Amino acid sequence: MGRTYPPTGAYVVGREKVREFATAIGDANPAYHDVAAAQALGYSDVVAPPTFAFVIAYAGSSQAAMDPELGLDYSRVVHGEQRFSYSRPIVAGDALVATATIEAIRAVAGNDILTTRVDLATEAGEHVVTTTTVIVARGTAEESA
Amino acid sequence: MSVVVGTALPPQTFRVSRFDLVRYAGASGDFNLIHWNERFARSVGLPDVIAHGMFTMAEAARVVTDWLGDPGRLEEYAVRFTRPVPVADDDAGSIIEVSGEVTELLEGGRAKVMLTATHEGQKVLGNAWAIVRLP
């Protein structure tokens with residue numbers, strides 16, 4: 049509980065990656081595609097859609113989730129809840145460091161429920177977004193409630 | 360923007376096909392088999408391939424960000440994934456309907472929005488909400 053994993057190397061947010069992700073969710077918002085449109089809103093480059101933070105956090109939370117000491121069965125995992133808290137949107141050009149922390153792990157009705165927080169910050173330490181992920185590993189808890 | 364408790368956000372309908380799931384897998388890096396391999400999905404008890412929860416969450420966010428214009432006005436966004444969206448191997452795809460309503464005005468020109476996302480009349484997201492800075 050409260051275990052924090054070493055920060056990852058910086059993830060550099062590419063303009064074309066932002067566009068690719070926005071296209072994949074079918075979102076034509078000009079702020080995601082057009083540098084001039086994003087700059088008109090006051091950003092330095094194209095803005096990443098809100099849930100793009102999960103793509104970066106995914107590696108960080110996987111690191112925590114794959115911790116053998118947690119003993120979870122990842123063949124039976126489902127994504128239960130997801131939350132994002134933004135200080136500002138991610139923009140192309142950001143170099144973001146992910147720090148993962150195990151917030152909670154509990155057994156409910158035979159399922160293991162794991163809550164992982166990933167803080168994404170710039171290399172200078174500016175907080176950008178915190179993602180909180182709840183995953184449920186079905187039928188894996190040793191003590192069934 | 361004149362916003363009161365009860366203000367409805369323009370609802371949207373999203374279609375998700377196998378093509379969309381493959382493209383989302385590539386863009387997001389989430390290649391979990393249950394999102395594209397029907398044989399595997401059925402072997403673990405699912406009715407069919409299911410959409411990534413994060414795909415549904417991304418679509419639902421569009422109701423908020425399209426309403427706001429500037430996506431940077433989103434401060435918080437949270438959902439529970441309550442029911443999967445099966446995606447059959449057909450041309451029609453699966454339909455996700457999303458609506459939103461302002462449920463609370465907060466200090467600092469902010470508001471809380473509750474979202475409803477359904478597939479075939481059943482909720483696929485639970486307790487889906489956002490905190491936004493109003494324009």
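Read top to bottom, the protein sequences are chains A and B.
Sequential numbering of the first sequence, starting at 49, is according to our numbering.
Sequential numbering of the second sequence, starting at 360, is according to our numbering.
Note that the Cβ used here is the ideal one computed from N, Cα and C, for glycine as well.
For clarity, every value in this text was computed on a predicted model and none was experimentally measured.
In the DSSP assignment, the residues bridged to arginine 165(A) are Thr149(A), Thr180(A). In this structure, the CA atom of methionine 416(B) is about 7 Å from the CA atom of threonine 99(A). Fewer than three beta-carbon pairs drawn from the region 366-383 of chain B and the region 158-172 of chain A are found closer than 8 Å, and the two stretches are therefore not classed as touching. As for any beta strand (DSSP E) of minimum length 3 sitting wholly inside the region 419-493 of chain B, the runs are 433-440, 453-465, 469-478, 484-492, ordered along the chain. Proline 97(A) and proline 430(B) do touch by the CB rule: their CB atoms are close to 7 Å apart, below 8 Å. Secondary structure of serine 133(A) (DSSP, three-state): strand. Annotation for arginine 131(A): Thr180 place their beta carbon closer than 6 Å to its own, counting only its chain and skipping 5 residues before and after. In the three-state reduction of the DSSP assignment, valine 66(A) falls in the helix class, which pools H, G and I. Restricting attention to Thr56(A), Ala185(A), Ala140(A), Ile73(A), the CA atom closest to the CA of arginine 63(A) is found in Ala140(A).
By the Cβ-count criterion, isoleucine 454(B) is exposed, with fewer than 16 other Cβ atoms from all chains shown falling within 10 Å of its own Cβ.
In the structure shown, histidine 394(B) adopts helical secondary structure according to DSSP, grouped into three states. Sequence-distant Cβ neighbours of valine 126(A) in its own chain, meaning closer than 6 Å and more than five residues away, are Val184. Straight through space, the alpha carbons of aspartate 75(A) and glutamate 418(B) are spaced by roughly 8 Å. Burial check for threonine 52(A): the Cβ neighbour count within 10 Å stays below 16, so the residue is exposed.
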